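When we follow full-length UniProt numbering, the leftmost residue of the first sequence carries the number 1, and every step to the right adds one.
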Amino acid sequence: MAAALDFNGGFNNNNNTFTFCCFYCKSMTTSFRYGWSLSDGTLAKLCFQCGFLYESGTFCSTFHAGTTGWRQCIICRKHVHCECIASAKDIFMMNNGGVCCIGCAKKYLLPAAEDNTEHKPVNDCPPLLFAWNNSIASQSMDHPFNAMATAANESNQMVMCGAQMEEQTPVIIGGGSSSTAMNDNVNGCCLFVSPQTGLIRFLNYYQMKEQQYLKDLGYPNSSITPMFKKILSATDAKAKSGRLVIPTKGARSHFPELSDDERCKRLEILDITGRIWKLSYRFWENNRGRIYVLGGLKDYITMWKWQVGEQVTFYRIDPEDKYLIVTEKEFPASSS
DNA sequence: ATTGTGCATGGGC
DNA sequence: TGCCCATGCACAA
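Below, the structure is given as C-alpha cells:
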C-alpha cells in the first residue's frame, strides 16, 4: 500500500511509525534529529548518524573534509567550513572578508551580548536612525543588536552587515555624530544597543579585544594602552632567531631607556594568558643608529606560531605597570 | 648541537 | 642623504 504523505514531511507506513528522509544523506529513518535552520523556518530533519555528528560539532569535518570552503578563524585559526548550511551557526562573517569562529566571536567581538551587567553606554551618542532597505525606521530597542560595521562612508553613514542580519542585508546608519567620530577607526566596529537605556554603545574591534584582555588577565578596571606594533618580518617569524626587531621609535618612547653603560635590560612581559615572559631588551649600533631587539622569544614564537605578516602589539597596563604582548593572527584593515 | 648576541651589509623610504 | 630595519653570518655561552 502506498505510503501517505504526513503533514510533517514524513511517510506513514501504516503501522503507526513514520519514515523520514534524512535531509543530508537522504537515507530513510524512522527517528530523526533536528539539524540546522532551513529557509522556511523549520529545522532540517537528520538521520541518527548525521544528527549525532551535527550535534557533536563534527558534521562538517566528517562530511566535507575533502571539499572546498574551509577557512580559518582569524583569531584562533581553527578551520571552519563555510560552504554549507550546516556550518552557518558556527561562523561569523567579518566585514573585511575574514571569518571568525563563533567561539572567538562571542569572546572577542560580541562580549556585550552575553554580559548583562555591561549594558551601559560608554558615550553619549544620540539615538540613531536605522535605514532598512532605504526606509528609515527607528531601531527597536527590544533586543541587543550586534553587527560588524564597515568604515563610515563620505556622507557619515555606516554600512552594516552582521551575524544577526538577514542575508547580509546592508543597513545604513546615519544621523548621529558618533558616525562621524568613528570615521578614523571604524573598521570592525561592533555596535550594541542597550536594552535598558536604548542608547547605542560601540566599541571597535581593537577596543573590544583590549577590554577582553584586561578581563582575561584579571585587571578589569585597569587601563590598557597600545604602545607600538610590529608587522612580523621573515626573520622575526623564525622561532630559531628567538628575537624581534622592534621599531626604534616605539622602543625609545615606551620601553626603559638603554644607555651605553646599560645596553641590556630584562623585561617581564605578559601574554594574554597571563604567562610571564622574561625577555631581554637591548640594542646594537649600526652605522649611525641603534637597532632595538627583544630577545628570548623562542618559546613565545613557537607557542604563538608567528607567521610573516602577522601583527604583534605591545600594550601597557596601568596602574599595574605591566607590559602585555599580543600576537594577533590577522587584522581587518585599519586606517589608524 | 642549540640558543643567544652583536655586527655588517644592503635595500627602501 | 640619513635613517630605519631586514637579513645573514660569526661568535659566544
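Where is the CB? At the ideal position from N, CA and C, for every residue including glycine.
Just so we're clear, the structure is a prediction, and the values are computed from it rather than from any experiment.
Once DSSP output is grouped into helix, strand and coil, what is the label at residue 295? strand
Got a sec, what are the start and stop residues for the beta strand (DSSP E) residue 282 sits in? 276-286
Which first and last residues belong to the alpha helix (DSSP H) in which residue 44 is found? That residue, residue 44, is in no alpha helix (DSSP H); its beta strand (DSSP E) goes 43-46.
Less than 8 Å between the CB atoms is what I'm expecting for residue 81 and residue 64, so what's the real figure, rounded? 5 Å
Going by C-alpha distance, which of 40, 49, 260 is nearest residue 26? 49
Determine the DSSP secondary structure at residue 263, reduced to helix, strand or coil. coil
Integer Cβ distance of residue 254 from residue 283, believed to fall under 8 Å: Not quite, the Cβ-Cβ distance comes to about 14 Å (not below 8 Å), so this is no contact.
Decide if the region 305-320 is in contact with the region 230-240; the criterion is three or more beta carbon pairs, one per stretch, under 8 Å apart. yes
Buried versus exposed, by CB contacts within 10 Å (16 or more), residue 154: In this prediction, residue 154 scores a pLDDT of 35, lower than 50, which makes its location untrustworthy; the coordinate-derived value is nonetheless stated afterwards. The residue is exposed, with fewer than 16 neighbouring Cβ atoms inside 10 Å.
Complete runs of the alpha helix (DSSP H) confined to the region 203-257 [at least 4 residues]: 205-217, 234-237, 248-254
What is the DSSP secondary structure of residue 51, counted as helix, strand or coil? helix
Among the residues of its own chain, which have a CB less than 8 Å from the CB of residue 324, if the five just before and after it don't count? 213, 217, 224, 269, 270, 271, 272, 314, 315, 316, 317
Alpha carbon of residue 32 to alpha carbon of residue 66, nearest angstrom: 26 Å
Need the endpoints of the alpha helix (DSSP H) that residue 62 sits in, please. 59-63
DSSP on residue 321, reduced to helix/strand/coil? coil
In whole angstroms, what separates the C-alpha of residue 42 from that of residue 327? 41 Å
Whole-angstrom distance between residue 211 and residue 196, CA atom to CA atom: Confidence at residue 196 is low in this model, with a pLDDT of 37, below 50, so its placement is unreliable and no value can be given for it.
Pick helix, strand or coil for residue 302, following the three-state DSSP scheme. helix
Is it buried or exposed, residue 45, if we count other Cβ atoms within 10 angstroms and call 16 or more buried? buried
Measuring CA to CA, which of 222, 300, 286 is closest to residue 244? 300
Cβ-based burial, residue 319 [other Cβ within 10 Å; buried from 16]: exposed
Residues near residue 302 in its chain [Cβ-Cβ closer than 6 Å; skip 5 each side]: 239
Can you tell which of 277, 294, 54 has its C-alpha closest to the C-alpha of residue 263? 294
Apart from the five residues on each side of it in sequence, which residues of its chain come closer than 8 Å, Cβ to Cβ, to residue 99? 71, 72, 73, 74, 80, 82, 91, 92, 93
If distances are taken between C-alpha atoms only, which option among 39, 57, 276 comes closest to residue 101? 57
Any idea what DSSP makes of residue 114, helix, strand or coil? Caution is warranted here: a pLDDT of 37 is assigned to residue 114, below 50, making its placement in the model unreliable, and the coordinate value is therefore given only provisionally. If DSSP states are grouped into helix, strand and coil, residue 114 belongs with the helices.
Run the CB neighbour count on residue 232, radius 10 Å, all protein chains shown included, and call it buried at 16 or more, exposed below. buried
Cβ neighbour criterion (16 or more within 10 Å) applied to residue 38: exposed
With which residues is residue 100 paired in a DSSP beta bridge? 92
Do residue 278 and residue 242 have their CB atoms nearer than 7 Å? no
Beta bridge counterpart(s) of residue 37 as assigned by DSSP: 43
Considering residue 80, what are the terminal residues of the beta strand (DSSP E) in which it resides? 79-81
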